[in-house]
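Trainee: Numbering (full-length UniProt numbering), first residue to last: 1 to 533.
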């Protein structure tokens with residue numbers, strides 16, 4: 001297990017923006033949370049964990065000595081040299097069917113295959129030699145073609161393949177998907193062999209269904225789940241998110257772990273992180289068991305449907321209505337299997353061994369809904385949730401979460417998104433720089449709070465974000481660093497309000513009318529251009 005990350009304080013600066021204090025860090029967490037929760041596809045995650053310069057030097061050192069010992073010939077033609085140079089000048093980021101196969105040497109001298117691999121530089125041939133046996137063990141009939149596809153990838157990706165058997169397996173499965181979608185590289189016999197080998201392997205290599213842990217087995221239908229799918233989705237109530245495991249590549253799982261580290265960092269530094277997770281995810285982070293009733297916070301409509309299904313069976317033995325209920329269950333034709341949503345991997349999964357042939361009855365309906373809820377909330381996204389929890393524990397010890405409930409953790413992470421104006425008034429102090437009479441100042445304060453009270457929920461969150469750098473209020477005044485304040489500046493109807501988010505201070509000129517105050521304040525919080533002044 002990795003030790004907790006030692007972090008004292010996070011320093012954040014935005015390009016072309018003033019300020020670098022805690023308020024800017026809060027704004028950074030807010031902006032990062034918005035990006036993490038975006039429904040847009042992820043960018044290419046290849047190379048994100050490896051520094052390219054170190055990869056190049058590593059590959060160079062790995063093959064330089066072998067080239068010397070091998071006595072690489074210098075008698076090749078200039079055209080062939082140019083071809084080999086071009087082969088690595090523009091390495092591919094994705095696998096391509098246009099890649100030429102690599103032919104492994106079958107004889108002791110390797111002369112039979114040397115001419116077939118003339119399009120590859122010597123160092124690439126040596127790399128292909130090391131990859132070929134591993135690929136052959138996974139896909140014997142397609143090893144030559146797949147190896148040729150793999151060695152066209154970038155140095156960073158190749159280094160990852162040589163170091164990680166799991167990464168290599170996933171790339172091989174990806175290559176198989178590409179090859180089987182096109183027959184132009186294979187003759188009929190090879191296609192028959194590859195199809196038989198592919199179907200017997202038990203791995204589709206594409207959708208998220210093969211990444212889910214199931215009790216009885218599954219049939220994964222094609223689903224739009226790739227390593228570039230959005231990290232989170234909203235299964236029920238808007239604004240509450242669950243991880244979307246999709247194709248659980250090492251880079252994608254590392255992204256989930258980094259989300260967990262972000263959550264842990266905010267907990268460690270007593271900062272709010274506006275990533276609102278579903279209740280079952282918070283319970284998983286806390287190491288608590290999931291219950292059927294947690295489904296109500298995940299998918300309220302589904303929960304209510306299953307709850308009513310169970311309620312129908314709450315009859316005493318011998319009750320005449322029991323026969324009617326049994327007839328109703330028989331007519332529904334339910335069995336111990338379920339169809340997963342696209343975000344959960346798609347396809348059909350059995351909830352128990354031979355679940356398709358196990359009918360749901362009034363006797364076993366409670367077990368059915370328990371397993372149904374378990375698969376929807378837990379098993380379909382297990383790897384993603386495990387990595388989020390591991391990321392949190394990279395930063396803080398597990399003992400620091402002892403005694404917390406899911407509601408406690410939500411308040412610590414997300415604060416109170418429903419801005420209570422009375423609470424905000426209680427927290428806020430005023431400083432006067434206007435040198436005006438107390439009557440005018442008191443009237444100005446009444447204007448301010450009456451305007452805030454009539455704001456929409458979104459406008460209140462925008463105001464608090466502009467003021468403090470976070471769109472929510474902490475669960476208690478202890479969460480403020482320091483408590484919010486308002487400085488009333490000399491009368492001026494020309495300038496907009498500004499804020500110092502590092503000390504949660506709002507600067508407002510003493511406007512001449514309530515209407516001007518409202519217009520200027522709403523304009524300032526909508527533009528969000530003055531939050532670091």
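Glycine residues also receive a C-beta, built at the ideal position from the N, C-alpha and C atoms. Just so we're clear, the structure is a prediction, and the values are computed from it rather than from any experiment.
#1: Could you check the C-alpha separation between residue 308 and residue 354 for me, to the nearest Å?
#2: Alpha carbon to alpha carbon, what distance is there between residue 267 and residue 463?
#3: Note down, one range per segment and in chain order, each beta strand (DSSP E) of at least 3 residues found wholly within the stretch 414-496.
#4: To which residues does DSSP link residue 508 through a beta bridge?
#5: If you check the beta carbons only, do residue 358 and residue 336 fall under 8 angstroms apart?
#6: Quick check: the stretch 475-485 against the stretch 513-524, are at least 3 beta-carbon pairs closer than 8 angstroms?
#7: Can you list the alpha helix (DSSP H) stretches of 4 or more residues lying completely in the stretch 291-366, in chain order?
#8: Thinking residue 383 and residue 253 are a contact (beta carbons under 8 angstroms), I'd like their distance in whole angstroms, please.
#9: Can you name the residues that DSSP bridges to residue 232?
#10: Near residue 361, what residues of its chain come up, given a Cβ to Cβ distance below 6 angstroms and the 5 sequence neighbours on each side ignored?
#11: Counting C-beta neighbours from all protein chains within 10 Å, is the total for residue 397 16 or more, i.e. buried, or is it exposed?
#12: Out of 502, 165, 456, which has the shortest C-alpha to C-alpha gap to residue 522?
#13: Can you tell me which of the three DSSP states residue 278 falls into?
#14: Which of helix, strand or coil does DSSP assign to residue 404?
#15: Assign residue 525 to buried or exposed, taking buried as 16 or more other Cβ atoms, counted over all protein chains shown, within 10 Å of its Cβ.
#16: DSSP on residue 13, reduced to helix/strand/coil?
#17: Taking just the CA atoms, how far does residue 23 sit from residue 347?
#18: What does the alpha-carbon distance come out to for the pair residue 146 and residue 135?
#19: Identify the continuous alpha helix (DSSP H) that holds residue 519 and give its terminal residues.
#20: Relative to the alpha-carbon of residue 450, which residue among 421, 264, 506 has its alpha-carbon at the smallest distance?
#21: With 16 other CB atoms within 10 Å as the buried threshold, where does residue 425 fall?
#22: Could you spell out the range, first to last residue, of the beta strand (DSSP E) harbouring residue 255?
#23: Just curious, the beta strand (DSSP E) that residue 498 is in, first and last residue?
#24: Starting from residue 177, trace the alpha helix (DSSP H) both ways and give me its first and last residue.
#25: For residue 171, tell me which candidate among 226, 119, 118, 121 has the shortest Cα-Cα distance.
Mentor: This is what the structure holds:
#1: To locate residue 308, count along the chain shown from 1; it is residue 308. To locate residue 354, count along the chain shown from 1; it is residue 354. So the alpha carbons of these two residues sit roughly 26 angstroms apart.
#2: As a position in the chain shown, residue 463 is number 463, starting the count at 1. As a position in the chain shown, residue 267 is number 267, starting the count at 1. Approximately 23 angstroms, taken between the alpha carbons.
#3: 429-432, 485-489
#4: Residue numbering aside, residue 508 sits at position 508 when the chain shown is read from its first letter. BP columns for residue 508 point to 488.
#5: For the purposes of this step, residue 358 is taken as residue 358 along the chain shown, with counting starting at 1. For the purposes of this step, residue 336 is taken as residue 336 along the chain shown, with counting starting at 1. Against a cut-off of 8 angstroms, the Cβ pair of residue 336 and residue 358 comes out as a contact.
#6: no
#7: 295-298, 300-311, 321-332
#8: Mapped onto the chain shown, residue 383 falls at position 383. Mapped onto the chain shown, residue 253 falls at position 253. Sure, about 6 angstroms apart at Cβ, within 8 angstroms.
#9: In the chain shown, residue 232 corresponds to position 232, counting from 1. BP columns for residue 232 point to 243.
#10: Counting from 1 along the chain shown, the entry for residue 361 is found at position 361. Cβ neighbours of residue 361 beyond the five flanking positions: 329.
#11: Stepping through the chain shown from its first residue, residue 397 is reached at position 397. Answer is exposed; the Cβ neighbour count stays below 16.
#12: Along the chain shown, read from residue 1 onward, the residue named residue 522 stands at position 522. Among 502, 165, 456, the Cα nearest to that of residue 522 belongs to 456.
#13: One-based indexing of the chain shown puts residue 278 at position 278. Of the three classes helix, strand and coil, the one that applies to residue 278 here is coil, per DSSP.
#14: Taking the first residue of the chain shown as 1, we reach residue 404 at position 404. Coil, per DSSP.
#15: The residue you call residue 525 lines up with position 525 of the chain shown. Result: buried.
#16: The residue you call residue 13 lines up with position 13 of the chain shown. In this structure, residue 13 counts as coil in the three-state DSSP scheme.
#17: To locate residue 347, count along the chain shown from 1; it is residue 347. To locate residue 23, count along the chain shown from 1; it is residue 23. Approximately 46 angstroms, taken between the alpha carbons.
#18: Residue mapping note: residue 146 aligns to position 146 of the chain shown, counting from 1. Residue mapping note: residue 135 aligns to position 135 of the chain shown, counting from 1. Taking the straight line joining both Cα atoms gives about 7 angstroms.
#19: Locating residue 519 in the chain shown gives position 519, where the first residue counts as 1. Taken as a continuous stretch (DSSP letters only), the alpha helix (DSSP H) holding residue 519 covers 514-527.
#20: The count along the chain shown starts at 1 and reaches residue 450 at position 450. Measuring from the Cα of residue 450, the nearest candidate turns out to be 421.
#21: The residue you call residue 425 lines up with position 425 of the chain shown. So residue 425 counts as exposed.
#22: By 1-based counting over the chain shown, the position of residue 255 is 255. First-last for residue 255: 250-268, but that is the alpha helix (DSSP H), not the beta strand (DSSP E).
#23: As a position in the chain shown, residue 498 is number 498, starting the count at 1. Where residue 498 is concerned, the enclosing beta strand (DSSP E) stretches over 498-500.
#24: To locate residue 177, count along the chain shown from 1; it is residue 177. 165-180 is the extent of the alpha helix (DSSP H) around residue 177.
#25: Here the question's residue 171 lines up with position 171 in the chain shown. When only C-alpha atoms are compared, the closest one is 226.
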